[in-house]
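K.L.:
Just dropping this structure here.
2 protein chains.
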Amino acid sequence: MKGTDLSSTSARITAVDTYDIRFPTSRGLDGSDAMNPDPDYSAAYVVLRTMSGGPEGHGFAFTIGRGNDVQVTAVDALRDHVVGRSVAELCADPGGLYRDLIGDSQLRWLGPEKGVMHMAIGAVVNAVWDLSAKCAGKPLWQLLADADPAWLVSQIDFRYLTDALTPDEALELLRRGRRGAGERAAALRRRGYPAYTTSPGWLGYSDEKLASLARQAVTDGFTQIKLKVGADLEDDIRRCRAAREAVGPDIRIAIDANQRWNVGEAVEWITALAPFDPYWIEEPTSPDDVLGHAAIRRAVQPVKVATGEHVQNRVVFKQLLQAGAVDILQLDAVRVAGVNENLAILLLAAKFGVPVCPHAGGVGLCELVQHLSMFDYVALTGTTDDRVIEYVDHLHEHFVDPVVISGGCYRAPSSPGFSATMHQSSLDTYTYPGGTFWVTDAVAGTSGTPMEVDA
Amino acid sequence: MKGTDLSSTSARITAVDTYDIRFPTSRGLDGSDAMNPDPDYSAAYVVLRTMSGGPEGHGFAFTIGRGNDVQVTAVDALRDHVVGRSVAELCADPGGLYRDLIGDSQLRWLGPEKGVMHMAIGAVVNAVWDLSAKCAGKPLWQLLADADPAWLVSQIDFRYLTDALTPDEALELLRRGRRGAGERAAALRRRGYPAYTTSPGWLGYSDEKLASLARQAVTDGFTQIKLKVGADLEDDIRRCRAAREAVGPDIRIAIDANQRWNVGEAVEWITALAPFDPYWIEEPTSPDDVLGHAAIRRAVQPVKVATGEHVQNRVVFKQLLQAGAVDILQLDAVRVAGVNENLAILLLAAKFGVPVCPHAGGVGLCELVQHLSMFDYVALTGTTDDRVIEYVDHLHEHFVDPVVISGGCYRAPSSPGFSATMHQSSLDTYTYPGGTFWVTDAVAGTSGTPMEVDA
């Protein structure tokens, strides 16, 4: 497993190619929840080209259909910052590009550090880390676990963080995390990292399908499943009962409202579902509402409160921790500005002692987040207690290094990179609107991304 | 002043035209601050067409240069929600479209309710209000002040708000606000609404220019000016001293750090500038940091804390008020999802008793926010005490109904609409990159939007 060493060459980024990739997932109600009835899982996909035959950096933002073109345009707006850069310099210091991108004052106005522009930066920054890990010949989790703690600290932007986490504190956490890392890396390769599955619980599924998939999940070795809730309380009571009956008392059942409620509604609804012993309530209200989450958490204990997949940046995560608003922090690999910002988020969580259970699913999110959790286990917190990575069994076949799940665990990736690379054939087929799937679909007369939304 | 009545016709929106408008403001260091050294004030401009000769709805998002194309693409992504809609129905219920736009679950993923996609929704929603006010033959402030309180409440989305403001409370505030509205409307037309000016204080200006413009501001009738700070403390001390000496002890001097600091830095810096009696410190840290603003406010009293121009939505404003994090709420006409969301923000501020002093400047922000403050005075809070609208003397010549300032006050607009309409000749000249200014500029060989940023 030797990487292609570009670090001693004068190789440069020659192109930043973008793709609008959309999968017609809405047709099976896969991914349906109380706020997102008909997602077409999509990726604003980016490839950093170097030279013919050399390694490439792959990354993407995840969206759910309409607007993926806006996301692609945002990635395109970063092109001039990247083309012509030295590959060796990028790989030696991805944080340099990260800082340039979030520091471009004109583009910053479009956030700042949130939404479309921030996710675009995340796609490009993650592509640099993919390239870096490929050049190093290591899977990203291992590159991070092997890295000098001081260098990792240099990759973080501490602006707006120092009231909660200073560079010195981060360095100390990382130095402590390194003790015993070798043994934990070996254990990780042997046992993998615990997962939970959301596949049984989509809102569009029948009770029978839900119960059958829940039983299958237990058979497959999962110790936690998740159900979508929040559209109709009577339905939710029925579905939670069906799930609890299917899996028995010892399997954790998380529930996920996808931001559906006001604070008061959240408390009432969760109280009504409490008899089915939900382990956590995920996204009970707006991801922006730090104080709202804190109020809900106080009211629904011992049900735990979780959020993060839509938390826009490290500043909001910082406050969720400062306010005691969450029991579980659900980072997302592509919502924030990539690995650099997620390093800050992992360190904040470690400082506050809150377990990280990453959001995954979508397009390639499982492939990416596993690296972050595995780094956290091997070289930061040193534990997987009460930590699980979400797993959804969708769309992995489009990736060159898909996740491998067995016995309810993610197996540690061994291929160099960030597992972000999609098959060229998938790009060719699902590029919107010109890919072969969508062209054929248009000819057949069905609507790929219906404009009617009946939330 | 009679509007063109389309309400009884079957008129529909026939087109949503967008324009990428950029002004080369960076060349004079107008608008320069500690985070934005070289803004090219820009607008993602949108026109809702109805029929030949009929009224049009105009709106825009404001950006500062690069990325304005991303913003335009985001407005374009909303087109299918708008074209074909009945003008009468839109004007009778702008909130219907507002809810459809923020409720489009696929587009919602790109925020939710923040950044590029949210500002695009604001541009379109504001254009509907412009159309509505034109059809009613009233300036927007008057349309709002004349409206039935129950109808105004129906225009607000209370999701995520009810722990701080219920529909019943909003209705009561609006009903109380109506008492004496006629007298206040007459007073407003006579006296105008107080303004303050930022024109003296851009960071790129010399001390001499600063002092001269500050003295001129006092001569012109302003009782408050604002200085940009945050790049260099010694410079700031010198500049604050020069400004204080120029205007004397009775003129309020606000200072604005444009998000430059961590919490600790903010407290130290503001303390160092306290001898010059700053009235408020604006954007001391990240606009996302509710708890950080609260900590700074506790530490720097009696200097007031102000923020809002980058506050992404009503949920963050709610928390700033709940946490006691701000003395002054600076709403922006185009950062959030338009008039509907700003009605919620004005009501939240009224409930918590915090004065609203809107952010303005940029492209057309003065033109828009004056309507919101004037409505607030006439039919909500009933006062202008400690309330001032920012005024910057830039780019008004491009608007058909530019703001009129005299004696340090905004004069009440009388033309129907939201004052958002730009001259066609300005659109033709400053469309990027094809407008005559930019084509000529490219031929001359100077760079319109330089890629180098030296923040």
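Chains as they are written, first to last, in our numbering: chain A, 1293 to 1747; chain B, 1293 to 1747. The beta carbon of each residue, even a glycine, is placed where N, CA and C say it ideally should be.
Have a look at B:1709, B:1722 and B:1558 and flag the residue whose alpha-carbon is nearest the alpha-carbon of residue 1419 (chain B).
P.N.:
Position 127 of the second sequence, counting from 1, holds the residue named residue 1419 (chain B). Taking only the C-alpha atoms, the option nearest residue 1419 (chain B) is B:1709.
K.L.:
Look at the Cβ atom of residue 1651 (chain B), then the Cβ atom of residue 1660 (chain B), and state whether they are nearer than 8 Å.
P.N.:
Within the second sequence, numbered from 1, the residue matching residue 1651 (chain B) stands at position 359. Within the second sequence, numbered from 1, the residue matching residue 1660 (chain B) stands at position 368. In this structure, residue 1660 (chain B) does not lie closer than 8 Å to residue 1651 (chain B) by Cβ.
K.L.:
Residues in its own chain within less than 7 Å of residue 1727 (chain B) by CB, not counting five upstream and five downstream?
P.N.:
Within the second sequence, numbered from 1, the residue matching residue 1727 (chain B) stands at position 435. Here the set comprises 1720 and 1721.
K.L.:
Mind checking if residue 1274 (chain B) is an interface residue toward chain A, Cβ cutoff 8 Å exclusive?
P.N.:
The structure shown does not extend to residue 1274 (chain B), since chain B is modelled only from 1293 through 1747, so no value can be given for it.
K.L.:
Residue 1426 (chain A) by DSSP, collapsed to three states: which one?
P.N.:
As a working note, residue 1426 (chain A) is residue 134 in the first sequence. Of the three classes helix, strand and coil, the one that applies to residue 1426 (chain A) here is helix, per DSSP.
K.L.:
Can you tell me whether residue 1736 (chain B) is buried or exposed? The criterion is at least 16 other CB atoms within 10 Å of its CB, across all chains shown.
P.N.:
Looking up residue 1736 (chain B) in the second sequence gives position 444. It counts as exposed.
K.L.:
With a threshold of 7 Å (Cβ to nearest heavy atom), would residue 1383 (chain B) be considered close to the ligand SAH?
P.N.:
Of the ligands one can find in the structure shown there are none, so the ligand SAH has no counterpart to examine.
K.L.:
Taking Cβ to Cβ, would you say residue 1417 (chain A) is nearer than 8 Å to residue 1390 (chain A)?
P.N.:
Residue numbering aside, residue 1417 (chain A) sits at position 125 when the first sequence is read from its first letter. Residue numbering aside, residue 1390 (chain A) sits at position 98 when the first sequence is read from its first letter. Going by C-beta atoms, residue 1417 (chain A) is nearer than 8 Å to residue 1390 (chain A).
K.L.:
Let me check one thing: in DSSP terms, what residues is residue 1500 (chain B) bridge-paired to?
P.N.:
On the second sequence, residue 1500 (chain B) is found 208 positions in, with the first residue counted as 1. Residue 1500 (chain B) is not bridged to any residue.
K.L.:
From residue 1442 (chain B) to residue 1672 (chain B), what does the alpha carbon distance come to, in whole angstroms?
P.N.:
To locate residue 1442 (chain B), count along the second sequence from 1; it is residue 150. To locate residue 1672 (chain B), count along the second sequence from 1; it is residue 380. Whole-angstrom Cα-Cα distance: 13 Å.
K.L.:
When Cβ atoms are compared, which residues of the region 1397-1423 of chain A fall closer than 9 Å to chain B?
P.N.:
Listed by position, the residues of the region 1397-1423 of chain A near chain B (Cβ gap below 9 Å) are 1397, 1398, 1399, 1400, 1401, 1402, 1403, 1404, 1405, 1406, 1407, 1408, 1409, 1410, 1411 and 1412.
K.L.:
Taking 8 Å as the threshold, find out whether the region 1583-1591 of chain A comes into contact with the region 1530-1542 of chain A through three or more Cβ pairs.
P.N.:
Too few Cβ pairs lie closer than 8 Å, so no.
K.L.:
If you measure from the beta carbon of residue 1306 (chain A) to each beta carbon in chain B, is any gap under 8 Å?
P.N.:
As a position in the first sequence, residue 1306 (chain A) is number 14, starting the count at 1. It does not: the Cβ of residue 1306 (chain A) has no partner Cβ on chain B nearer than 8 Å.
K.L.:
Check each candidate in A:1725, A:1706, A:1707 and A:1729 and name the one with the smallest Cα separation from residue 1717 (chain A).
P.N.:
Translated into the one-based positions of the first sequence, residue 1717 (chain A) becomes position 425. Residue 1717 (chain A) has its Cα closest to that of A:1729, out of A:1725, A:1706, A:1707 and A:1729.
K.L.:
Is the shortest distance between the beta-carbon of residue 1632 (chain A) and the beta-carbons of chain B less than 8 Å?
P.N.:
Within the first sequence, numbered from 1, the residue matching residue 1632 (chain A) stands at position 340. It does not; no Cβ of chain B falls within 8 Å.
K.L.:
DSSP state of residue 1310 (chain A), grouped into three classes?
P.N.:
Reading the first sequence from its first residue, position 18 is the one you call residue 1310 (chain A). Three-state DSSP puts residue 1310 (chain A) in a strand.
K.L.:
Quick one: Cα of residue 1379 (chain A) to Cα of residue 1392 (chain A), how far?
P.N.:
In the first sequence, the residue the question calls residue 1379 (chain A) occupies position 87. In the first sequence, the residue the question calls residue 1392 (chain A) occupies position 100. Their Cα atoms are separated by approximately 16 Å.
K.L.:
Can you give me the start and stop residues for the beta strand (DSSP E) that residue 1597 (chain B) sits inside?
P.N.:
As a first step, residue 1597 (chain B) is located in the second sequence; it is residue number 305 there, counting from the start. Segment 1596-1599, the beta strand (DSSP E) holding residue 1597 (chain B).
K.L.:
Hey, quick one: how far does the beta strand (DSSP E) through residue 1572 (chain A) stretch, first residue to last?
P.N.:
Numbered from 1 along the first sequence, position 280 holds the residue referred to as residue 1572 (chain A). Where residue 1572 (chain A) is concerned, the enclosing beta strand (DSSP E) stretches over 1570-1574.
K.L.:
Any Cβ of chain A within less than 8 Å of the Cβ of residue 1451 (chain B)?
P.N.:
Walking along the second sequence from the start, residue 1451 (chain B) turns up at place 159. Yes, its Cβ sits closer than 8 Å to a Cβ of chain A.
K.L.:
Of all the options A:1507, A:1461 and A:1325, which has the alpha carbon lying nearest to the alpha carbon of residue 1540 (chain A)?
P.N.:
As a position in the first sequence, residue 1540 (chain A) is number 248, starting the count at 1. When only C-alpha atoms are compared, the closest one is A:1507.
K.L.:
Quickly, what does DSSP pair residue 1648 (chain B) with across the bridge? List them, please.
P.N.:
The residue given as residue 1648 (chain B) occupies position 356 in the second sequence. B:1621.
K.L.:
Quick check on the DSSP output: the alpha helix (DSSP H) that includes residue 1406 (chain B) runs from which residue to which?
P.N.:
Along the second sequence, read from residue 1 onward, the residue named residue 1406 (chain B) stands at position 114. From DSSP, residue 1406 (chain B) is part of no alpha helix (DSSP H); its letter is neither H nor E.
K.L.:
To the nearest angstrom, report how far apart residue 1696 (chain B) and residue 1348 (chain B) are at their CA atoms.
P.N.:
Walking along the second sequence from the start, residue 1696 (chain B) turns up at place 404. Walking along the second sequence from the start, residue 1348 (chain B) turns up at place 56. For residue 1696 (chain B) and residue 1348 (chain B), the distance between alpha carbons rounds to 23 Å.
K.L.:
Report, in whole angstroms, the separation of the C-beta atoms of residue 1338 (chain A) and residue 1367 (chain A), which I expect to be a contact under 8 Å.
P.N.:
By 1-based counting over the first sequence, the position of residue 1338 (chain A) is 46. By 1-based counting over the first sequence, the position of residue 1367 (chain A) is 75. At roughly 5 Å, the Cβ-Cβ gap stays under 8 Å, so residue 1338 (chain A) and residue 1367 (chain A) are in contact.
K.L.:
What's the gap between the Cα of residue 1353 (chain B) and the Cα of residue 1328 (chain B)?
P.N.:
Here residue 1353 (chain B) refers to the residue found at position 61 when the second sequence is read from its first residue. Here residue 1328 (chain B) refers to the residue found at position 36 when the second sequence is read from its first residue. Taking the straight line from one Cα to the other gives about 18 Å.
K.L.:
Pick out whichever of B:1303, B:1583 and B:1358 has its Cα sitting closest to the Cα of residue 1318 (chain B).
P.N.:
As a working note, residue 1318 (chain B) is residue 26 in the second sequence. Residue 1318 (chain B) has its Cα closest to that of B:1358, out of B:1303, B:1583 and B:1358.
K.L.:
For residue 1688 (chain B), would you say it is in contact with chain A, using Cβ-to-Cβ distances shorter than 8 Å as the test?
P.N.:
By one-based count along the second sequence, residue 1688 (chain B) stands at place 396. No, residue 1688 (chain B) lies away from the interface with chain A (no Cβ there is under 8 Å from its Cβ).
K.L.:
Compute the beta-carbon to beta-carbon distance between residue 1554 (chain A) and residue 1451 (chain B), rounded to the nearest angstrom, for a pair I have assumed lies under 8 Å.
P.N.:
What you label residue 1554 (chain A) is simply residue 262 of the first sequence in a count that begins at 1. What you label residue 1451 (chain B) is simply residue 159 of the second sequence in a count that begins at 1. Contact flag correct, Cβ pair sits at about 6 Å.
K.L.:
Count the other CB atoms within 10 Å of the CB of residue 1302 (chain B); is the residue buried (16 or more) or exposed (fewer)?
P.N.:
Counted from its first residue, the second sequence places residue 1302 (chain B) at position 10. Classification of residue 1302 (chain B): exposed, given that the 10 Å Cβ count is below 16.
K.L.:
When the cut-off is 8 Å and only beta carbons count, does residue 1739 (chain B) lie next to chain A?
P.N.:
Start at 1 with the first residue of the second sequence, and residue 1739 (chain B) comes out as number 447. Model confidence at residue 1739 (chain B) stands at a pLDDT of 46, short of 50, so the residue's coordinates are unreliable; what they give is reported in the following sentence. So no, residue 1739 (chain B) is outside the interface.
K.L.:
Taking Cβ-Cβ distances shorter than 7 Å, what residues in chain B pair up with residue 1435 (chain A)?
P.N.:
Position 143 of the first sequence holds residue 1435 (chain A). The premise fails here: residue 1435 (chain A) is roughly 29 Å from chain B at the closest Cβ pair, so nothing lies under 7 Å.
K.L.:
Could you check the C-alpha separation between residue 1326 (chain B) and residue 1561 (chain B) for me, to the nearest Å?
P.N.:
Along the second sequence, read from residue 1 onward, the residue named residue 1326 (chain B) stands at position 34. Along the second sequence, read from residue 1 onward, the residue named residue 1561 (chain B) stands at position 269. About 14 Å.
K.L.:
Would the region 1455-1469 of chain B count as touching the region 1680-1695 of chain B if we require 3 or more Cβ pairs under 8 Å?
P.N.:
Touching, no.
K.L.:
Does any CB atom of chain A fall closer than 8 Å to the CB of residue 1602 (chain B)?
P.N.:
Within the second sequence, the letter at position 310 stands for residue 1602 (chain B). Closer than 8 Å to some Cβ of chain A, the Cβ of residue 1602 (chain B) qualifies, so yes.
K.L.:
Using three-state DSSP, classify residue 1338 (chain B) as helix, strand or coil.
P.N.:
Taking the first residue of the second sequence as position 1, residue 1338 (chain B) is located at position 46. Looking at residue 1338 (chain B) - three-state DSSP - the assignment turns out to be strand.
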